[in-house]
Amino acid sequence: MPSNCPVCGQPVVRELGEAVTRCVNASCAAILKGAIEHWVSRDALDIKGMGEKLVHQLVDKGLVHSVADLYDLTEEKLYVLERMGQKSAQKLIDAIAQSKNQPWSRVLYGLGIRHVGSVNAQLLTEKFSDVEKITQARQSDIAGIYGIGVEIAESVHQWFQIHANQTLISRLQAAGLQLANSAETSTITDSNPQFTDKTFVVTGTLPTLKRDEAKALIQKAGGKVTDSVSKKTDYLVVGEDAGSKLAKAEALGITQLTEAQLLQMLES
245 MPSNCPVCGQ
255 PVVRELGEAV
265 TRCVNASCAA
275 ILKGAIEHWV
285 SRDALDIKGM
295 GEKLVHQLVD
305 KGLVHSVADL
315 YDLTEEKLYV
325 LERMGQKSAQ
335 KLIDAIAQSK
345 NQPWSRVLYG
355 LGIRHVGSVN
365 AQLLTEKFSD
375 VEKITQARQS
385 DIAGIYGIGV
395 EIAESVHQWF
405 QIHANQTLIS
415 RLQAAGLQLA
425 NSAETSTITD
435 SNPQFTDKTF
445 VVTGTLPTLK
455 RDEAKALIQK
465 AGGKVTDSVS
475 KKTDYLVVGE
485 DAGSKLAKAE
495 ALGITQLTEA
505 QLLQMLES
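The working numbering applies: residue 245 is where the sequence shown begins, and numbers increase by one.
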């Protein structure tokens, strides 16, 4: 097992209970590329046209050193990239600008905070309606959110205490990103009594819905969605290749739903 990162040469770490080592050098090109790829991904800021190859070019050419630098790009700066003409550059700049309209939950997910998935990001932004509230929150306040827990709370709390991350947040605010819920933002707009105060887990590949789409429908109807099965789980929505979550749900006697049954509940 390597003791140094093969990209930047800095020492790697392996945290207690983990099987793999990680580079924790924030200046590592591989770390930066991964952070930007995550930021632009479909479930985060969803910046169309910015794939892995383009991200690597932006980093290798020194055009971006953090996700905030994406919002300082201009057409002229992009012309140094391979196969980047005026039309392509304008299209990319427009896509980056459009990402400023993405909601606070997607921005939080896009930050790439360790252990924070898209569902957890929604739970966090429902509790903390803007970045100031989550920055000022105590770790115990974060851990008290149903579906979050101590490990995620510690990761979130520590992330917002780091000066470099606070600087990043300030730059994103200045760029016009959504770091607060809008007046229209609500994940529960069509409350369904069958979903109120019920906890769901979605696992496996569903026939027609993506898992995030199913989760969003459940939340919109008033249900809670978590990533792990426990005694507090009311329903497990099961697709193909469900794996260990299905086995645990069966052991706990948790009600299982197919996608069709979930949709039927939503319509009733």
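Glycine residues also receive a C-beta, built at the ideal position from the N, C-alpha and C atoms.
Check: Verify the CB distance criterion: does Glu326 have a CB-CB separation below 7 Å to chain D?; Outcome: This model lacks chain D altogether; it includes just one protein chain.
Check: Using a 10 Å radius around the Cβ and a threshold of 16 neighbouring Cβ atoms, would you call Tyr353 buried or exposed?; Outcome: buried
Check: I'd like the list of long-range same chain contacts for Lys475, defined as Cβ closer than 8 Å, with 5 residues on each side in sequence excluded.; Outcome: Leu496
Check: Could you tell me the distance, in whole angstroms, from the CA atom of Lys442 to the CA atom of Ser512?; Outcome: 16 Å
Check: Using 10 angstroms around the beta-carbon of Gln422, count the other beta-carbons present and answer buried if the total reaches 16, otherwise exposed.; Outcome: buried
Check: Compare the beta carbon distance of Thr471 and Val363 with 7 Å and say whether it is the shorter of the two.; Outcome: Reading off the sequence shown, one finds Asp at residue 471, where the question assumed Thr. Result yes, Cβ atoms of Asp471 and Val363 sit closer than 7 Å.
Check: Confirm, please, whether the CB-CB distance from Ser399 to His359 is below 7 Å.; Outcome: yes
Check: Give the DSSP bridge partners of Ile444, in chain order.; Outcome: Rather than Ile, the amino acid found at residue 444 in this sequence is Phe. DSSP, once it has assigned bridges, lists Val469, Tyr479 as partnering Phe444.
Check: Starting from Val257, follow its DSSP beta bridges and name the residues at the other end.; Outcome: Arg266
Check: For Lys459, which residues in the same chain have their Cβ closer than 7 Å to its Cβ, ignoring the five residues on either side in sequence?; Outcome: Val363, Val446, Val469
Check: Going by DSSP in three states, Asn436 sits in which element: helix, strand or coil?; Outcome: coil
Check: Does Leu496 come out as helix, strand or coil in the three-state DSSP assignment?; Outcome: helix
Check: State buried or exposed for His407, treating a residue as buried only when at least 16 other CB atoms are found within 10 Å of its CB.; Outcome: exposed
Check: Taking Ile280 and Val251 to be in contact with their CB atoms under 8 Å, please state how far apart those CB atoms are, rounded to whole angstroms.; Outcome: No, Ile280 and Val251 are not in contact; Cβ-Cβ is about 15 Å, not under 8 Å.
Check: Which residue's Cα is closest to the Cα of Trp348: Ala381, Ala341, Asp313, Ala365?; Outcome: Ala365
Check: Could you check which residue in Gln417, Ser426, Asn425, Ala493 has the C-alpha nearest to that of Phe444?; Outcome: Ala493
Check: For Leu507, tell me which candidate among Lys371, Asn436, Leu368 has the shortest Cα-Cα distance.; Outcome: Asn436
Check: Could you check which residue in Gln405, Gly361, Gln438 has the C-alpha nearest to that of Leu461?; Outcome: Gln438
Check: Is it the case that the region 328-337 contacts the region 368-383, given that we only count it when at least three CB pairs across the two stretches are under 8 Å?; Outcome: no
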